[in-house]
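Q:
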Amino acid sequence: MNEPLPVSRVTDHGTAKLMPDVDRRRAWLLTVDGAPQSYVDLDEPAHLEFEYTRRLGHVLDTVAEPGRALDVLHLGGGAFTLPRYLAATRPGSRQDVVEADRGLLDLVAEHLPLPDGADITAHAADARAWLEAAPADSADVLVADVFGGSRVPAHLTSVDYAREAARVLRADGVYVANLADSAPFPFLRPQLAGFATLFEELALIAEPGVLRGRRFGNAVLVAAHRPLDTAALARRTAADAFPARVEYGPALRKFTGDARPVRDEDAVPSPVPPAGAFGIG
Numbered sequence: 321m322n323e324p325l326p327v328s329r330v331t332d333h334g335t336a337k338l339m340p341d342v343d344r345r346r347a348w349l350l351t352v353d354g355a356p357q358s359y360v361d362l363d364e365p366a367h368l369e370f371e372y373t374r375r376l377g378h379v380l381d382t383v384a385e386p387g388r389a390l391d392v393l394h395l396g397g398g399a400f401t402l403p404r405y406l407a408a409t410r411p412g413s414r415q416d417v418v419e420a421d422r423g424l425l426d427l428v429a430e431h432l433p434l435p436d437g438a439d440i441t442a443h444a445a446d447a448r449a450w451l452e453a454a455p456a457d458s459a460d461v462l463v464a465d466v467f468g469g470s471r472v473p474a475h476l477t478s479v480d481y482a483r484e485a486a487r488v489l490r491a492d493g494v495y496v497a498n499l500a501d502s503a504p505f506p507f508l509r510p511q512l513a514g515f516a517t518l519f520e521e522l523a524l525i526a527e528p529g530v531l532r533g534r535r536f537g538n539a540v541l542v543a544a545h546r547p548l549d550t551a552a553l554a555r556r557t558a559a560d561a562f563p564a565r566v567e568y569g570p571a572l573r574k575f576t577g578d579a580r581p582v583r584d585e586d587a588v589p590s591p592v593p594p595a596g597a598f599g600i601g
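In our numbering, the protein residues as written are 321 to 601.
Right under this line is the structure:
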């Protein structure tokens, strides 16, 4: 008699829908204009449903010793899946979440409340503008998962943006981003080239079929000034329910090839996904 019902609302940047999962009592799928954005289980915030979110979670698990609290900046909010995950796995972490769609923030706050005691602050702002105003050396981790519909906005794809991300991160900080592309990777390769000019260490995590150019899909970019625990990442991603591969070092440089960084004046959004690439049933 008290089964949760779907919720639909026109927000600042589209039509957002919250749909309950019939198999998990307090779990919800968030879509915006039909594109899946987030999955949240209010009873199990450490549960990560989407493949790319699980890979982001593997990075967050390996950036520091287990349980250590971190200062984290999230660009892109959705339903706050990863902030909830970090609040559960790294209690005491201080987290800022920047989301341009104020109406979406209101919808999530109304229907998917944050855990009690979680130090998570939401900001209704453009991700690039907020980043440029943020203090230097203020974050241990910067998580970028910003999509306008199904595309990363152009102003978050340039080396100028990457320079701002590097400024905000501490010396041992880690940048991690959710991107999407397909062979011959006209978007992803310049992203790697741009971050390679600013960070000493890079890694890329993706499903083997995506890396081999067989299909369009997500790829997680990781950047740092210190060595990344690629061995731990490789073990976790290979053993995952959705196995992925970690590319780094010479293999990643070969993948990047002769791609050049993109500046603000030449930046374009990530490519339009093929029909059905990110759709739901």
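Every residue, glycine too, gets a C-beta built ideally from N, C-alpha and C.
Where does the unbroken beta strand (DSSP E) through alanine 442 begin, and where does it stop?
A: Walking along the sequence shown from the start, residue 442 turns up at place 122. Residues 439 to 444.
Q: Taking only three categories from DSSP, how would you classify valine 586?
A: Numbered from 1 along the sequence shown, position 266 holds the residue referred to as residue 586. The identity of residue 586 in the sequence shown is aspartate, whereas the question assumes valine. Note: aspartate 586 maps to helix in three-state DSSP.
Q: Can you tell which of Tyr481, Phe400, Pro581 and Arg448 has the C-alpha that lies nearest to the C-alpha of aspartate 439?
A: Counting from 1 along the sequence shown, the entry for residue 439 is found at position 119. When only C-alpha atoms are compared, the closest one is Phe400.
Q: If you run the structure through DSSP and keep just helix, strand and coil, what is glutamate 567?
A: As a first step, residue 567 must be located in the sequence shown, where it is residue number 247. Note: glutamate 567 maps to strand in three-state DSSP.
Q: Does the region 363 to 374 come into contact with the region 393 to 411, if we say contact requires no fewer than three beta-carbon pairs (one atom in each stretch) closer than 8 Å?
A: yes
Q: Is it right to say alanine 289 is buried, meaning 16 or more other beta carbons lie within 10 angstroms of its own, or is it exposed?
A: The structure shown does not extend to residue 289, since the chain spans only 321 to 601, so no value can be given for it.
Q: Starting from the C-beta of glutamate 520, find all residues in its chain whose C-beta is less than 6 Å away, skip the five residues before and the five after it, and write them out in chain order.
A: Numbered from its first residue, the sequence shown carries residue 520 at position 200. For glutamate 520, where only same-chain residues beyond five positions count, the Cβ hits under 6 Å are His545.
Q: By Cβ distance below 8 Å, which residues in the same chain neighbour proline 589 in space, the five residues on each side in sequence not counted?
A: In the sequence shown, counting from the first residue as 1, residue 589 sits at position 269. Gly468, Arg471, Val472, Pro473, Ala474 and Thr477, listed in sequence order.
Q: So valine 496 is in the beta strand (DSSP E); what residue range does that whole segment cover?
A: On the sequence shown, residue 496 is found 176 positions in, with the first residue counted as 1. Element bounds for valine 496: 489 to 501.
Q: Nearest CA to the CA of valine 566: which residue from Met339, Leu489, Leu548 and Pro386?
A: Along the sequence shown, one-based indexing puts residue 566 at 246. Of Met339, Leu489, Leu548 and Pro386, the residue nearest in Cα terms is Leu548.
Q: Short check: CB of alanine 513 to CB of proline 570, under 8 Å?
A: Taking the first residue of the sequence shown as 1, we reach residue 513 at position 193. Taking the first residue of the sequence shown as 1, we reach residue 570 at position 250. Taking 8 Å as the Cβ cut-off, alanine 513 and proline 570 do not qualify as a contacting pair.
Q: Using the Cα positions of isoleucine 600 and alanine 464, report the straight-line distance between them to the nearest angstrom.
A: Counting from one through the sequence shown, the residue named residue 600 turns up at place 280. Counting from one through the sequence shown, the residue named residue 464 turns up at place 144. In this prediction, isoleucine 600 has a pLDDT of 48, which is less than 50 and means its spatial position is unreliable; what the coordinates show is noted afterwards. Roughly 23 Å between the two C-alpha positions.
Q: What does the Cβ neighbour count give for valine 479, buried or exposed, with the cut at 16 atoms within 10 Å?
A: By 1-based counting over the sequence shown, the position of residue 479 is 159. A residue is called buried once 16 or more other Cβ atoms fall within 10 Å of its Cβ, and valine 479 is buried on that count.
Q: For the alpha helix (DSSP H) containing histidine 378, name the first residue and the last one.
A: Counting from 1 along the sequence shown, the entry for residue 378 is found at position 58. Here the alpha helix (DSSP H) through histidine 378 covers 371 to 382.
Q: Work out the CA separation of phenylalanine 515 and aspartate 332 for me, nearest whole Å.
A: Against the sequence shown, residue 332 aligns to sequence position 12. Against the sequence shown, residue 515 aligns to sequence position 195. Each residue's alpha carbon lies about 31 Å from the other.
Q: Using only CA atoms, which one of Leu462, Val327, Ala526 and Ala486 lies nearest to threonine 517?
A: Position 197 of the sequence shown, counted from the start, is the residue given in the question as residue 517. Minimum Cα distance to threonine 517 is reached at Ala486.
Q: Have a look at Pro433, Glu484, Asp446 and Ala447 and flag the residue whose alpha-carbon is nearest the alpha-carbon of aspartate 457.
A: Along the sequence shown, read from residue 1 onward, the residue named residue 457 stands at position 137. The shortest Cα separation from aspartate 457 among Pro433, Glu484, Asp446 and Ala447 belongs to Glu484.
Q: Can you grab the Cα-Cα spacing for the pair valine 342 / glutamine 357, in whole Å?
A: One-based indexing of the sequence shown puts residue 342 at position 22. One-based indexing of the sequence shown puts residue 357 at position 37. Taking the straight line from one Cα to the other gives about 18 Å.
Q: So, is arginine 583 buried or exposed, given that buried needs 16 or more other C-beta atoms within 10 angstroms?
A: As a working mapping, residue 583 is identified with position 263 in the sequence shown. Exposed, since its Cβ has fewer than 16 Cβ neighbours within 10 Å.
Q: Would you check if the region 380 to 387 and the region 442 to 455 touch, i.e. whether three or more CB-CB distances between them fall below 8 Å?
A: no
Q: Hey, alanine 523 and arginine 490 are a contact pair by Cβ (cut 8 Å); roughly how many whole angstroms apart?
A: Sequence index remark: in the sequence shown, residue 523 carries index 203 (1-based). Sequence index remark: in the sequence shown, residue 490 carries index 170 (1-based). Contact flag wrong, Cβ pair sits at about 19 Å.
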